[in-house]
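Below is one structure, written out as structure tokens; comments come after it.
In our numbering, the protein residues as written are 85 to 220.
If you want it as structure tokens, here you go:
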């Protein structure tokens with residue numbers, strides 16, 4: 085199996101997972117913004133990047149039996165984002181939603197989503213061109 089170049093499925097899977105995570109993070113941030121005036125609401129965050137830190141530098145073990153435990157890094161497709169309560173000391177008088185922080189998170193997530201979708205689109209266009217026999 086070809087593992088580098090045009091058919092590098094790890095990169096495709098990483099980009100697809102990034103698009104999914106950024107879309108979910110956008111929903112969580114939008115929910116926080118919509119509840120800025122809801123008494124007692126607790127802001128939430130989507131943790132994902134923290135779970136992947138250092139995962140690419142560890143060796144991947146091979147399971148020879150379905151009952152064996154997985155060893156080493158996980159496949160990016162199997163990694164799941166975790167929704168947690170934001171650990172914030174901010175108090176707006178109603179709840180802990182900091183609208184400025186949420187708007188910054190929304191803009192950052194939007195830019196990250198756009199970049200990931202653009203890279204994914206470019207990767208598929210490259211593959212499409214290779215299939216059709218186009219060069220460059």
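Heads up, the beta-carbon is just placed ideally off N, CA and C, and yes, glycines get one too.
Keep in mind the model is a prediction, meaning the values are calculated, not measured.
* Could you check the C-alpha separation between residue 210 and residue 203 for me, to the nearest Å? => Straight-line Cα distance between these residues: approximately 11 Å.
* Name the DSSP beta bridge partners of residue 128, please? -> DSSP links residue 128 through a beta bridge to 169.
* **Inter-residue spacing [alpha-carbon to alpha-carbon] between residue 192 and residue 149** => Answer to the nearest angstrom: the Cα atoms are 42 Å apart.
* To do: Answer yes or no: do residue 111 and residue 170 have a C-beta to C-beta separation smaller than 8 Å?
  => No.
* To do: Please state if the CB of residue 119 and the CB of residue 181 are separated by a distance shorter than 8 Å.
  => Cβ atoms of residue 181 and residue 119: closer than 8 Å.
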